[in-house]
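Numbering (the UniProt record's numbering), first residue to last: 1 to 128.
Here a beta-carbon is modelled for each residue, glycine too, at the ideal position from N, C-alpha and C.
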Amino acid sequence: MAEKPSLTGEELKNFIDSLEDAQLAVPDELTQYALRRTGHECVDTRTVRLVSLAAQRFIASLLDEAINVHKRRKLAPASQLKADGHNVRDKRAVLTTEELVEALKECGVNAKVAPYYADQPKPVSGSA
């Protein structure tokens with residue numbers, strides 16, 4: 001098993017300090033709101049940004065997995081795609097809730113598609 005690279009105390013301090021100037025995709029306000037909702041009050045900007053960085057990394061991993069799920073689905077035979085209600089001539093990459101749920105499962109998050117979404121999978125005939 002490969003060893004994980006470790007940071008020295010000085011490298012870690014420099015990394016944490018660099019978070020103050022970082023422009024992240026997840027805004028500080030959203031991270032602070034989520035932290036407050038879970039019972040954590042945090043006033044240190046660097047800590048909030050570290051949580052934002054972790055959230056950004058998770059979102060990037062989730063979207064990467066969703067793209068992989070979409071690509072695997074597009075490799076299915078045209079007859080199966082038609083049966084599932086997909087337009088086989090449409091070459092656009094559109095993220096569906098079903099693909100997002102599958103990607104979430106791959107990332108360890110248990111989620112279900114709400115019954116009122118339009119791209120809800122059709123029930124298989126013969127099952128009740």
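Requested in this report: From the DSSP output, in three-state form, read off residue 91 for me.
Outcome: coil
**Report entry** Host alpha helix (DSSP H) of residue 116 (start-end)
**Finding:** It is not in any alpha helix (DSSP H) - residue 116 carries neither H nor E in the DSSP assignment.
Query - residue 51 - DSSP class collapsed to helix/strand/coil - result: helix
Requested in this report: Determine, using beta-carbon pairs with one atom in the segment 13 to 21 and one in the segment 45 to 57, whether at least three such pairs fall under 8 Å.
Outcome: yes
Query raised in the report: Can you round the beta-carbon distance between residue 24 and residue 53 to whole angstroms, since I take them to be within the 8 Å contact cut?
Result: 6 Å
Report task. Decide if residue 7 is buried, meaning its Cβ has at least 16 other Cβ atoms within 10 Å, or exposed. Result -> exposed
Query raised in the report: Is the beta carbon of residue 65 less than 7 Å from the beta carbon of residue 106?
Result: yes
Requested in this report: Go ahead and label residue 69 buried or exposed: buried means 16 or more other beta carbons lie within 10 angstroms of its beta carbon, across all protein chains shown.
Outcome: buried
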